[in-house]
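Encoded as structure tokens, the structure appears first; notes follow it.
Protein chains in written order, with this note's numbering: chain L, 2 to 209; chain U, 21 to 291.
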């Protein structure tokens with residue numbers, strides 16, 4: 002019982018966060034490879050601070066940008082988040098204001114940028130960006146659809162990540178669930194304790 | 021004081037009272053619809069991220085306001101920041117390219133954070149509808165069902181006040197609003213280069229497809245970007261609507277939509 006309990010807690014919460022982060026990382030990696038792009042990133046909306054936060058980065062900026070924050074309703078990513086509409090902008094290098102803003106949010110000045118909102122059920126969870134796809138071919142609607150499909154996948158992964166974080170925060174906090182989690186941890190390998198829980202369960206079942 | 025509601029019926033002796041102010045031709049052509057029109061006298065609202073006034077691709081912007089919420093109160097104030105993303109400037113530029121003499125008004129609903137942007141968007145639209153603009157360009161949508169009812173009411177009241185709401189369809193498979201409502205014109209993208217090529221879609225909810233791929237548009241700092249998305253197709257239809265309305269001031273949204281249908285590239289528009 003102890004092993005099963007521990008496995009259930011681990012699958013539900015503890016290891017899950019890392020797995021979902023790996024899933025997000027894999028999504029930006031595949032997005033970058035499929036579009037032949039220089040970089041791809043996923044931003045998560047952090048609601049308490051109302052900011053966008055780098056959650057996963059592939060290509061340029063990988064390893065340095067994760068955790069960096071910027072405003073949630075300005076710039077291209079902010080526009081995409083607020084309006085729920087995807088957007089592709091190209092030939093962008095000529096504008097210094099855009100370049101500065103882009104550099105702050107990407108780590109380099111791209112020539113082109115595709116951004117798509119990450120929508121799950123009724124909520125906007127963040128934004129997926131793909132930077133500097135090859136410029137020798139004009140952009141096609143088929144690429145927009147492909148981008149939308151990546152966004153759906155990323156939104157599901159991002160939702161799972163948020164759930165795992167909320168669950169962990171709950172278990173690490175001071176509430177009743179946290180007390181239960183501590184109890185579950187303390188029971189591990191404690192035969193007498195487990196017998197007590199089994200007896201308690203019997204009593205509860207009889208009182209139903 | 022509010023007017024009492026009329027009885028919604030038409031007595032025999034009242035038929036003359038609703039006579040149309042001008043007749044329609046046997047065949048509605050593009051030349052009849054907007055030939056020689058400049059957009060003069062038509063007021064177009066860009067509900068977006070703000071507009072960079074004076075951009076060579078935009079020209080004069082008659083008024084710019086920003087919407088924000090102070091707790092429950094809606095604050096509408098002169099916009100001193102301008103465009104906080106670049107997109108509003110792009111939309112204004114597309115409308116201007118069709119209607120060089122139309123009046124442009126910017127209503128900024130971005131910049132005050134994502135949290136709370138739903139009410140700001142809604143109040144921005146409410147303000148715009150109250151101003152009786154001829155056309156409201158709205159490259160925005162929300163997926164929140166709780167806003168759908170209010171947006172629906174606003175879209176309908178715009179329709180009855182002779183304000184044509186032109187909204188971007190979603191090019192992702194999600195439920196979103198207000199583009200799905202029948203009282204607005206919803207716009208998706210096609211891939212052709214001709215800015216005057218637009219198609220009626222006989223299988224709604226998306227009603228029209230306009231140029232939305234690799235569109236050259238003004239952006240921040242006087243720059244020009246090449247952009248793709250339904251949000252760039254939308255101002256093409258807003259611009260055309262401004263042209264038609266400047267030539268035919270009497271048209272209701274229903275009639276305007278009919279003119280766009282009859283002049284669509286795949287209907288009879290090339291004539």
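Note that beta-carbon positions come from the ideal geometry of N, C-alpha and C, so glycine has one too.
Only a predicted model underlies this, so the values are computations on that prediction, with no experimental measurement involved.
Handout entry: DSSP beta-bridge partners of residue 156 of chain U
Key = The count along the second chain starts at 1 and reaches residue 156 of chain U at position 136. DSSP, once it has assigned bridges, lists U/65 and U/185 as partnering residue 156 of chain U.
Problem - Minimum Cβ-Cβ distance from residue 86 of chain L to chain U less than 7 Å - result: Your numbering for residue 86 of chain L matches position 85 in the first chain. Interface residue, yes.
Handout entry: chain U contact for residue 190 of chain L (CB, 7 Å cutoff)
Key = Residue 190 of chain L sits at position 189 when you count from the first residue of the first chain. Closer than 7 Å: no.
Handout entry: chain U contact for residue 76 of chain L (CB, 7 Å cutoff)
Key = Translated into the one-based positions of the first chain, residue 76 of chain L becomes position 75. Chain U contact via Cβ: present.
Practice task
Using a Cβ-Cβ cut-off of 7 Å, state whether residue 92 of chain L counts as contacting chain U.
Solution key: Residue mapping note: residue 92 of chain L aligns to position 91 of the first chain, counting from 1. By this cut-off, residue 92 of chain L is an interface position.
Practice task
Mind checking which residues open and close the beta strand (DSSP E) that includes residue 281 of chain U?
Solution key: Walking along the second chain from the start, residue 281 of chain U turns up at place 261. Segment 273–283 is the alpha helix (DSSP H) holding residue 281 of chain U; no beta strand (DSSP E) there.
Handout entry: Closest Cα partner of residue 149 of chain U within the set U/135, U/175, U/84 and U/248
Key = Position 129 of the second chain, counting from 1, holds the residue named residue 149 of chain U. For the residues U/135, U/175, U/84 and U/248, the minimum Cα distance to residue 149 of chain U belongs to U/175.
Exercise for the section: For residue 246 of chain U, return the contacting residues in chain L, with the cut-off set at a CB-CB distance below 7 Å. Expected result: Locating residue 246 of chain U in the second chain gives position 226, counting from the first residue. Within chain L, the residues near residue 246 of chain U are 91 and 92.
Practice task
Report yes if the C-beta distance between residue 167 of chain U and residue 144 of chain U is below 7 Å; otherwise report no.
Solution key: In the second chain, the residue the question calls residue 167 of chain U occupies position 147. In the second chain, the residue the question calls residue 144 of chain U occupies position 124. Cβ distance not < 7 Å, so residue 167 of chain U and residue 144 of chain U don't count as in contact.
Handout entry: Ordered list of alpha helix (DSSP H) runs contained in the segment 57–85 of chain L, each at least 4 residues
Key = 76–84
Handout entry: residue 134 of chain U, DSSP secondary structure in three states
Key = Residue 134 of chain U sits at position 114 when you count from the first residue of the second chain. Coil, per DSSP.
Problem - Amino acids of chain L, ordered along the chain, whose beta-carbon sits closer than 7 Å to that of residue 249 of chain U - result: In the second chain, the residue the question calls residue 249 of chain U occupies position 229. Near residue 249 of chain U (Cβ distances below 7 Å), the residues of chain L are 86, 87, 88 and 89.
Exercise for the section: Starting from the beta carbon of residue 206 of chain U, find every residue of chain L whose beta carbon is closer than 8 Å, and list them in chain order. Expected result: Stepping through the second chain from its first residue, residue 206 of chain U is reached at position 186. Neighbours of residue 206 of chain U on chain L: none; closest Cβ ~13 Å, over 8 Å.
Practice task
Could you run through the segment 35–57 of chain L and flag, in chain order, every residue whose CB is less than 7 Å away from some CB of chain U?
Solution key: 46, 48 and 51
Practice task
Can you give me, in chain order, the residues of the segment 130–160 of chain L that have a beta carbon less than 8 Å from any beta carbon in chain U?
Solution key: 139, 140, 141, 142, 145, 146, 149, 152 and 153
Problem - C-alpha distance - residue 90 of chain U paired with residue 136 of chain U, whole-angstrom precision - result: Taking the first residue of the second chain as position 1, residue 90 of chain U is located at position 70. Taking the first residue of the second chain as position 1, residue 136 of chain U is located at position 116. Going by the C-alpha atoms only, they are around 10 Å apart.
Problem - Beta carbon proximity, residue 201 of chain L to chain U, threshold 7 Å - result: Position 200 of the first chain, counted from the first residue, corresponds to residue 201 of chain L. Output row for residue 201 of chain L: interface = no.
Handout entry: For residue 262 of chain U and residue 64 of chain U, believed in contact at Cβ under 8 Å, the rounded distance
Key = Translated into the one-based positions of the second chain, residue 64 of chain U becomes position 44. Translated into the one-based positions of the second chain, residue 262 of chain U becomes position 242. Sure, about 5 Å apart at Cβ, within 8 Å.
Exercise for the section: Step through the CB atoms of chain C and report whether any lies within less than 7 Å of the CB of residue 107 of chain U. Expected result: Here chain C cannot be found, since the structure's protein chains are L and U.
Exercise for the section: Give the straight-line distance between the Cα atoms of residue 242 of chain U and residue 106 of chain U, rounded to the nearest whole angstrom. Expected result: Here residue 242 of chain U is taken as the residue at index 222 of the second chain, counted from 1. Here residue 106 of chain U is taken as the residue at index 86 of the second chain, counted from 1. Computed Cα separation, rounded: 10 Å.
Problem - residue 248 of chain U: first and last residue of the uninterrupted alpha helix (DSSP H) it sits in - result: Here residue 248 of chain U corresponds to residue number 228 of the second chain, with the count starting at 1. Taken as a continuous stretch (DSSP letters only), residue 248 of chain U belongs to no alpha helix (DSSP H), being part of the beta strand (DSSP E) at 244–248.
Handout entry: Ordered list of alpha helix (DSSP H) runs contained in the segment 94–148 of chain U, each at least 4 residues
Key = 107–118
Handout entry: N-terminal and C-terminal residue of the beta strand (DSSP E) that residue 47 of chain L is part of
Key = Looking up residue 47 of chain L in the first chain gives position 46. Residue 47 of chain L -> beta strand (DSSP E) spans 40–47.
Problem - For residue 75 of chain L and residue 158 of chain L, the rounded distance between their alpha carbons - result: On the first chain, position 157 is the one that residue 158 of chain L refers to. On the first chain, position 74 is the one that residue 75 of chain L refers to. Near 25 Å, if we compare the C-alpha coordinates of residue 75 of chain L and residue 158 of chain L.
Problem - Cross-strand partners of residue 197 of chain U (DSSP beta bridge) - result: Against the second chain, residue 197 of chain U aligns to sequence position 177. According to DSSP, residue 197 of chain U bridges with U/162.
Handout entry: Segment limits, alpha helix (DSSP H) that includes residue 194 of chain L
Key = Within the first chain, numbered from 1, the residue matching residue 194 of chain L stands at position 193. Note, residue 194 of chain L: alpha helix (DSSP H), 192–208.
Handout entry: Buried or exposed by the 16-neighbour rule on C-beta atoms within 10 Å, applied to residue 196 of chain L
Key = Numbered from 1 along the first chain, position 195 holds the residue referred to as residue 196 of chain L. With fewer than 16 other Cβ atoms within 10 Å, it is exposed.
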